[in-house]
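Below is one structure, written out as structure tokens; the observations come after it.
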Amino acid sequence: MDSKAELLLNGKNLVFLATTMPDGAPQVTPVWGNFEDSHILINTAEGRLKHKNILRDPRVAVSVVDSKNPLDMTSIRGKVTEIIPDYDYKHADFLTKQYMGKEKYPFKRPGEKRIILKIEPEKIFVLPELTMNDE
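This note's numbering runs 1102 ahead of the 1-based position in the sequence shown.
Written as structure tokens, this is what we have:
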């Protein structure tokens, strides 16, 4: 994985996850994620639309833009190779620290079961460094 892509994924930047609807239409959701052991890890809840779409078709695309510099970005295509239970909220808590600086995931809902979407990157595009002209 490109080091710039890793930095973007492990920063305080929203990850835009694209899945495919049953009719072939794209579906995009901003989510929290990180990069670990050659995989992109996205946290979501069982039964959400993105989860249902991935169960049917594991191909996904993710895009991350630096929250401080919109000219730094990466787009990655890949497949969800594993869906891992996060019922103890360990990964959700980890991402809460990354994104909010808090220790515990603050959005728990009764009966909700968190899961981790483990994505194997297949095609990675990183925008080369750009600078804006003042003209």
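Glycine is no exception: its CB is placed at the ideal position from the N, C-alpha and C atoms. All of these numbers come straight from a predicted model, not from anything done at the bench.
Exposure of G1213, with buried meaning 16 or more beta-carbon neighbours within 10 Å: exposed
Whether I1178 touches P1223 by CB criterion (8 Å): yes
F1118 beta carbon less than 8 Å from that of V1164: yes
Nearest-angstrom Cβ-Cβ length linking N1207 and Y1191, presumed shorter than 8 Å: Per the sequence shown, the amino acid found at residue 1207 is Tyr instead of Asn. With a Cβ gap of about 5 Å, Y1207 and Y1191 count as contacting.
Nonlocal neighbours in the same chain, by C-beta distance under 7 Å from F1227, ignoring five residues either side: T1176, S1177
Continuous beta strand (DSSP E) stretch holding F1227: start and end: 1216 to 1228
Proximal residues to I1081 (C-beta, below 8 Å), its chain only, five neighbours per side dropped: Residue 1081 lies beyond the residue range present for the chain, which begins at 1103 and ends at 1237; the question has no answer from this structure.
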